[in-house]
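Visitor: First, the structure itself, so that you have it in front of you.
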Amino acid sequence: MKLLTIRTLYFALITIFSSAAAEPKSQYGGFASDTDGHQAYLDYIHGLEMIPVGTGAELQQAVEAVPVESDIAITPEQEADLCAWLYDFLVAFSASGSDSLAAAFYLREGVNNPDGIQKIKAQFAAFESGPAATQLKSLGMEIPQRSVDDTPFALFQAMHRFGLNMKGRDYFFGNVSFLDSKYRVFERQGEYESYSDYTQAHGLLPIGATMWSPQLRKEVEKGLKAGEQRVFAQFMFIVEEPEEFASFEATVRHPFFVRLVWSPKKNMWRLVEALVSNNAPVLFLFNST
């Protein structure tokens, strides 16, 4: 009964933290979808050499060493910001980060989704009284507290901490591998083709995916249909959960996929999609940005 209550509460938060994608096709990165193939895949990613995620030269150099594969000419500024986005993302959700650093990363572009802010406020209101509050108390979980000023920064900071507590950890990323990674930069016009669809069609994710799509994606899709031409960048890397929070004999390693779009107005890369395999022990608030 307690497990059922936890699952009910967890899925009540899914619209804020994430959204589920459909299951993939029968192949996964060259590995068969049967039991033997899945085991071969697990053996492969757990055999990869990893580096610790943290501030400093090692991660910075590794991020900058990821090759760029581009159909178009990109500027040094675009390439530098691409590396900065990945470095800042990994650090913000690692032991080198903090709740404040995570909130700052969510709001690095400013407040673009007022409705998302309101949804977070509504969720906090539900925690203060009603069935959600009763369930948390019955499970011995701490009721999440929001700051009295209710600024976007304070709301993201507090909700991020609640997400960590839901997963029973203090941060998400322990180690990372860029062995098969590359920054793929390209232009698009017309219909938007989801990165999630691409990963499923090419068998890059096992047994389904969890995806986050910021408000910006709707604007990008609308602009493309109207004839706009946009520059995108997408990349994949393998992340390992922190060893001290592992609940199994081996830590969970999982692929992480990111697609960004270049904003000439803001002169920076902005998140359009992020997705992981369903077994990834992470939760993010990108749907509210």
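The sequence shown begins at 0 in numbering that gives the first Met the number 0 and counts up one residue at a time.
Glycine included, every Cβ here is placed at the ideal spot set by N, Cα and C.
(1) Relative to the C-alpha of residue 162, which residue among 280, 176, 83 is closest?
(2) Identify the residues that DSSP records as bridge partners of residue 84: which are they?
(3) With respect to the alpha helix (DSSP H) encompassing residue 197, which residues constitute its N-terminal and C-terminal limits?
(4) Enumerate, from N- to C-terminal direction, the unbroken alpha helix (DSSP H) stretches of 4 or more residues contained entirely within the segment 32-112.
(5) What residues are listed by DSSP as bridge partners for residue 267?
(6) With a Cβ-Cβ cutoff of 8 angstroms, do residue 182 and residue 48 count as a contact?
(7) Note down the Cα distance separating residue 178 from residue 257, rounded to an integer number of angstroms.
(8) Starting from residue 174, trace the alpha helix (DSSP H) in both directions and tell me its first and last residue.
(9) Where does residue 156 fall in DSSP's three states?
(10) Going by the DSSP bridge assignment, what does residue 187 pair with across the sheet?
(11) Beta-carbon within less than 8 angstroms of residue 231's beta-carbon, same chain only, minus the 5 sequence neighbours each way: which residues are those?
(12) Grab me the residues of residue 111's own chain with a C-beta within less than 8 angstroms of its C-beta, minus the 5 sequence neighbours each way, in chain order.
(13) Would you identify the three-state DSSP class for residue 238, choosing helix, strand or coil?
(14) Alpha carbons only, please: which of 153, 166, 59, 38 is nearest the one belonging to residue 104?
(15) Per DSSP, what kind of secondary structure is residue 272 in: helix, strand or coil?
(16) Determine the extent of the beta strand (DSSP E) in which residue 209 is found, giving its start and end residues.
Guide: Quick answer:
(1) The count along the sequence shown starts at 1 and reaches residue 162 at position 163. Ranked by Cα distance from residue 162, the options 280, 176, 83 are led by 280.
(2) As a position in the sequence shown, residue 84 is number 85, starting the count at 1. None, per the DSSP bridge assignment.
(3) The residue labelled residue 197 in the question sits at position 198 within the sequence shown. That run of the alpha helix (DSSP H) goes 194-200.
(4) List check, alpha helix (DSSP H) in window: 34-44, 56-64, 75-91, 98-105.
(5) Numbered from its first residue, the sequence shown carries residue 267 at position 268. Residue 267 pairs with 262.
(6) As a working note, residue 182 is residue 183 in the sequence shown. As a working note, residue 48 is residue 49 in the sequence shown. For residue 182 and residue 48, no; Cβs fall outside 8 angstroms.
(7) The sequence position of residue 178 within the sequence shown is 179, counting from 1. The sequence position of residue 257 within the sequence shown is 258, counting from 1. Taking the straight line from one Cα to the other gives about 16 angstroms.
(8) In the sequence shown, residue 174 corresponds to position 175, counting from 1. No alpha helix (DSSP H) holds residue 174; the beta strand (DSSP E) holding it covers 174-176.
(9) One-based indexing of the sequence shown puts residue 156 at position 157. Note: residue 156 maps to helix in three-state DSSP.
(10) In the sequence shown, counting from the first residue as 1, residue 187 sits at position 188. 229.
(11) Sequence index remark: in the sequence shown, residue 231 carries index 232 (1-based). Excluding residues within five positions, the ones whose Cβ falls inside 8 angstroms are 184, 185, 186, 187, 258, 259, 260, 261, 271.
(12) Counting from one through the sequence shown, the residue named residue 111 turns up at place 112. The residues are 213, 214, 215, 288.
(13) In the sequence shown, residue 238 corresponds to position 239, counting from 1. Of the three classes helix, strand and coil, the one that applies to residue 238 here is strand, per DSSP.
(14) One-based indexing of the sequence shown puts residue 104 at position 105. Checking every option, the nearest Cα to that of residue 104 belongs to 153.
(15) Position 273 of the sequence shown, counted from the start, is the residue given in the question as residue 272. In this structure, residue 272 counts as strand in the three-state DSSP scheme.
(16) Taking the sequence shown and counting its residues from 1, one reaches residue 209 at position 210. Residues 208-211.
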